[in-house]
Amino acid sequence: MKLSRRTFVGTGLAAASMSAPMLHAASEGRPKVVVIGGGAGGATAARYIAKDSAGEIDVTLVEPSRSYYTCFFSNLYLGGFRDLQSIAHSYGRLAAEYGINVVHDWATGIDRDAKTVSLAGGGTLPYDRLILSPGIDFVDGSVPGWDISAQNAMPHAYKAGSQTQLLKAQIEAMPEGGTFVMIAPPNPYRCPPGPYERISMVAHVLTATNPTAKILIVDPKEKFSKQALFEEGWQKHYTGMIERIGPDFGGQNVSVDPGAMRVDIDGEIVEADVVNVIPAQQAGHICAAAGLTEGGWAPVNGHDMTSRMDEAIHILGDATNQGDMPKSAFSANSQAKVAAMAVRGALTGARVFPAKFSNTCWSLIDTEDGVKVGATYEATDEKIAKVDGFISQTGEDAALRKQTFEESLGWYKGITTDMFG
Amino acid sequence: MTARALAAFLIALTPAGAGAEEEARAIGDAGRGAVLFEQCSGCHEVGPGAENGIGPHLNGIFDRKAGAVTGFFYSKALERAAADGLIWDLEHLDAYLENPKALVTGTRMSFRGIASSRDRSDVLAYLRRYSDDPQNIPEAAPTARAREVDLSAEVLALVGDAEYGAYLSSECTTCHQQDGSDAGIPSITRWPVEDFVIAMHAYKRKLRPHPVMQMMAGRLSDEEIAALAAYFAEAR
């Protein structure tokens with residue numbers, strides 16, 4: 001029970017933690033949990049708290065979108081392997097079956113002293129525990145010439161939905177033999193293999209519809225996730241179509257002109273037909289606004305996912321700086337379960353077990369050619385530390401790659417059910 | 422003998438407190454390792470801008486093939502070890518630091534070695550800072566040591582804590598469907614306890630081949646496997 005003790009250090013309630021009902025700020029009625037962000041972290045946390053507390057905790061989920069498009073599998077939509085509707089989810093079951101108060105609004109601020117969240121629509125929500133899972137926002141000026149107002153000319157498509165649709169339409173409208181350019185992001189960023197799976201999917205579409213087209217990746221990083229697997233697959237399926245310019249050749253020195261559809265790579269001008277700019281990233285703005293960030297990300301304690309700045313706030317997923325876990329939906333979902341357990345422990349005295357985390361990232365390279373990488377993690381006092389892992393191997397046979405792809409379909413169904421009920 | 426009686430019989434043979442919870446540990450104290458590294462820094466550089474000197478620079482050494490730094494002239498012995506498949510993972514780096522010539526006879530690294538395992542761990546924790554971060558490249562080497570898990574025949578007899586199993590199961594249901602359907606990923610609900618336990622131990626011992634399941638099962642203690650079996654036997 002080391003963990004539950006840790007949770008209560010400083011509250012003076014340690015001795016009572018396992019038996020007596022907890023005191024909470026909203027002293028009338030049930031303890032209140034507010035969750036900001038309805039993605040893989042927030043939706044999972046809301047559902048687990050509501051489900052496992054069986055009505056003892058009042059859960060409110062704040063999420064602006066009524067239809068949530070998962071970033072994971074949005075590349076498969078670009079490649080023509082899924083339709084957009086198949087990656088859209090609503091919050092109906094969380095409200096109807098789990099009794100979660102789903103509020104479709106923007107959370108605009110957090111008053112940490114009063115323990116309230118203010119909404120763009122004018123309301124205020126009090127909380128005993130706040131769960132913050134806002135995902136990422138982009139760093140202004142990280143790709144000179146690009147800002148959010150240029151996202152129609154040069155889409156990021158790194159938050160799924162209309163941006164993904166736009167990018168797909170642009171790829172389909174490319175002239176014969178045209179040029180697709182991706183500006184890849186610097187570390188750390190959401191979904192380490194994501195940009196390279198996207199390249200695979202774009203190459204898959206172009207190979208079928210526009211085989212003389214070219215794909216250029218401008219990359220500030222020396223190395224990237226699953227590099228050997230992607231490069232082997234690109235060589236095998238899309239020979240000669242994809243070129244990557246790394247930092248040795250000026251990949252970190254890039255600017256764009258969205259009006260003229262030009263990309264300047266270390267002084268060399270490229271005329272492009274589609275430019276996918278994936279800028280540098282940071283925690284969703286509300287984290288910084290609430291004073292919960294350091295160097296752009298929100299540091300957390302891996303034992304219970306509480307903010308290092310505020311023990312009443314748990315932060316999940318891409319927005320956090322937690323240690324070794326990659327920024328992925330799987331990670332956020334995994335972290336959400338640890339946070340949900342800690343919150344129930346704190347508010348209702350439920351049993352608390354040691355934190356365990358895991359992650360697996362599947363990527364699709366071409367039809368039925370799936371690969372994966374994964375690891376297990378545990379909390380140390382310093383961070384969430386990687387303990388063990390595995391990765392698909394180069395040269396695997398087609399049957400194994402097909403099985404890996406089918407596994408990813410099963411995972412999609414599993415995790416979206418885990419999030420949305 | 423019924424399964425229950427067998428279970429009772431085997432429980433009696435299990436020493437009390439076996440398989441007690443032990444969490445992963447950080448490799449070592451990197452701050453202390455930085456100081457200890459001073460005995461290496463005459464020959465090796467590490468960190469931003471590190472270059473080869475008498476010895477190769479040590480950036481990115483974790484999980485790298487031995488003898489692979491461009492522009493460094495290695496001994497024949499180290500080249501031979503590299504050709505044999507020596508990878509600088511935590512275990513081999515630790516062995517090399519303890520006694521270089523015991524791992525690679527004929528290495529030019531003339532260093533007596535570090536006898537204290539704590540000192541070696543601290544140096545390795547320091548060096549680990551300058552290798553790939555798993556956050557950015559998920560396949561990068563671990564930054565913590567796994568806890569030790571011992572296996573014994575008695576594990577089948579453990580009676581699982583279903584409540585603990587319910588928490589642990591949340592890790593399974595990210596992939597395995599809660600309604601028991603088996604599209605793409607097998608169903609794991611409603612298994613007889615013993616079948617479940619045997620399957621998990623087969624993954625843990627890497628007898629069953631699936632890498633995700635080997636990894637997931639690999640860090641579960643005997644009690645945790647029993648807890649999961651107890652939970653999933655009743656899950657619907």
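Those protein sequences? They're chains A and B, same order as listed.
Position 376 of the first sequence, counting from 1, maps to 376 under our numbering, and the rest follow consecutively.
For any residue, its number in our numbering is found by taking its place in the second sequence, counting from 1, and adding 421.
Beta carbons: idealized from backbone N, C-alpha and C, even for Gly.
Is Val34(A) near Gly42(A), with beta carbons less than 8 Å apart?
No, the Cβ-Cβ distance between Val34(A) and Gly42(A) is not below 8 Å.
Pairing CB atoms from the region 597-613 of chain B with CB atoms from the region 347-358 of chain A, are three or more of them under 8 Å?
Because the criterion of three Cβ pairs below 8 Å is not met, the region 597-613 of chain B and the region 347-358 of chain A do not touch.
Could one say the Cβ of Ser531(B) lies closer than 8 Å to chain A's Cβ atoms, at least one of them?
Chain A contact via Cβ: absent.
What are the uninterrupted segments assigned as alpha helix (DSSP H) that are 4 or more residues long and contained completely in the region 43-121 of chain A, given in chain order?
Those alpha helix (DSSP H) runs which fall completely within the region 43-121 of chain A and span 4+ residues are 74-78, 92-98.
Check the Cβ-Cβ distances between Arg6(A) and every residue of chain B, and say whether any is below 8 Å.
With a pLDDT of 38 at Arg6(A), under the threshold of 50, the modelled position of this residue cannot be trusted, and the question is left open.
When you compare the CB positions of Gly581(B) and Ala648(B), do they come within less than 8 Å of one another, or not?
Cβ atoms of Gly581(B) and Ala648(B): closer than 8 Å.
By how many angstroms is the C-alpha of Arg82(A) removed from the C-alpha of His597(B)?
Cα-Cα distance, rounded: 21 Å.
Just confirm the distance between the C-beta atoms of Ala213(A) and Gly240(A), as a whole number of angstroms; I'd bet it's less than 8 Å.
Wrong, their Cβ atoms sit about 11 Å apart, outside the cutoff.
Could you give the first and the last residue of the continuous beta strand (DSSP E) run that contains Asp318(A)?
Asp318(A) -> no beta strand (DSSP E), and no H or E assigned at all.
Strictly under 8 Å for the Cβ-Cβ distance: is Phe330(A) near chain D by that measure?
No chain D is part of this structure, whose protein chains are labelled A and B.
Find the residues of chain B that neighbour Leu409(A), judging by a C-beta separation of less than 9 Å, and give them in chain order.
Those within 9 Å of Leu409(A) in chain B are Ala604, Gly605, Ile606.
Quick test of the definition: if touching needs 3 or more C-beta pairs under 8 Å, does the region 199-207 of chain A touch the region 527-537 of chain B?
No, because fewer than three Cβ pairs between the region 199-207 of chain A and the region 527-537 of chain B fall closer than 8 Å, the two stretches do not touch.
With a threshold of 8 Å between beta carbons, is Arg244(A) in contact with chain B?
Judged by the 8 Å Cβ criterion, Arg244(A) is not in contact with chain B.
Since Cys361(A) meets chain B, which of its residues come closer than 8 Å, beta carbon to beta carbon?
By Cβ distance, chain B contributes Pro559.
Excluding the five sequence neighbours on either side, which residues of its own chain have a C-beta within less than 6 Å of the C-beta of Gly291(A), listed in chain order?
Nothing listed; no residue qualifies.
Quick one, which residues of the region 579-601 of chain B are near chain A if we go by CB-CB under 7 Å, in chain order?
Against chain A - using a Cβ distance shorter than 7 Å - the residues of the region 579-601 of chain B are Glu584, Tyr585, Tyr588, Ser591, Glu592, Thr594, Thr595, Cys596, His597, Gln598, Gln599.
Flag Thr659(B) as yes if its beta-carbon sits less than 8 Å from any beta-carbon of chain A, otherwise no.
Nothing can be reported for residue 659(B): it is not among the residues displayed for chain B, which extend from 422 to 657.
Hey, quick one: how far does the alpha helix (DSSP H) through Trp411(A) stretch, first residue to last?
Run containing Trp411(A): 398-420, per the alpha helix (DSSP H) assignment.
Under 9 Å between beta-carbons, which chain B residues line up against Arg351(A)? List them in chain order, please.
Ordered by position in chain B, the residues that pass the 9 Å Cβ test against Arg351(A) are Glu584, Tyr585, Tyr588.
Would Pro477(B) pass as an interface residue toward chain A - the criterion being a Cβ-Cβ separation below 8 Å?
Output row for Pro477(B): interface = no.
Taking buried to mean at least 16 other C-beta atoms within 10 Å of its own C-beta, is Pro626(B) buried or exposed?
The amino acid at residue 626(B) is misidentified as Pro; the sequence shows Arg. Answer is exposed; the Cβ neighbour count stays below 16.
So does the region 122-141 of chain A actually touch the region 277-287 of chain A, counting three or more Cβ pairs closer than 8 Å?
Because the criterion of three Cβ pairs below 8 Å is met, the region 122-141 of chain A and the region 277-287 of chain A touch.
Flag Ala375(A) as yes if its beta-carbon sits less than 8 Å from any beta-carbon of chain B, otherwise no.
Chain B, which has a Cβ nearer than 8 Å to the Cβ of Ala375(A), makes this yes.
When you compare only the Cα positions, how much space is there between Ser590(B) and Ala656(B)?
Cα-Cα distance, rounded: 10 Å.
From the DSSP output, which residues share a beta bridge with Val371(A)?
Note: Val371(A) sits in a beta bridge opposite Ser363(A).
Which of helix, strand or coil does DSSP assign to Met341(A)?
It is helical.
Could you spell out the range, first to last residue, of the alpha helix (DSSP H) harbouring Pro299(A)?
Looking at the DSSP string, Pro299(A) is not in any alpha helix (DSSP H); the run it does join, the beta strand (DSSP E), is 298-301.
Excluding sequence positions up to five away, which residues of its chain have a Cβ less than 8 Å from the Cβ of Leu548(B)?
Excluding residues within five positions, the ones whose Cβ falls inside 8 Å are Gly454, Phe458, Val467, Leu479, Ile482, Phe483, Leu514.
Around the C-beta of Gly12(A), are 16 or more other C-beta atoms found within 10 angstroms, so that it is buried, or is it exposed?
Confidence is the limiting factor: at Gly12(A) the pLDDT is only 35, short of 50, which leaves the residue's position unreliable and the question unanswerable from this model.
Who pairs with Gly452(B) in a beta bridge, going by DSSP?
Answer is none; Gly452(B) lacks a bridge partner.
Can the beta-carbon of Gly323(A) be found less than 8 Å from the beta-carbon of Glu97(A)?
Going by C-beta atoms, Gly323(A) is not nearer than 8 Å to Glu97(A).
Leaving out five residues on either side along the sequence, give the residues of the same chain with a beta carbon under 7 Å from the beta carbon of Arg550(B).
Hits under 7 Å: Ala451.
Under 7 Å Cβ-Cβ, which residues of chain A neighbour Ala445(B)?
Chain A residues near Ala445(B): Glu378, Thr380, Ala385, Val387.
I'd like the span of the beta strand (DSSP E) that includes Gln282(A), first residue to last.
Where Gln282(A) is concerned, the enclosing beta strand (DSSP E) stretches over 281-283.
Distance cutoff 8 Å, beta carbons only. Does Ser358(A) sit that close to anything in chain B?
With 8 Å as the cut-off, Ser358(A) counts as an interface residue toward chain B.
At 8 Å on the CB atoms, spell out the chain A contacts of Met637(B), in chain order.
Ordered by position in chain A, the residues that pass the 8 Å Cβ test against Met637(B) are Ser358, Thr376.
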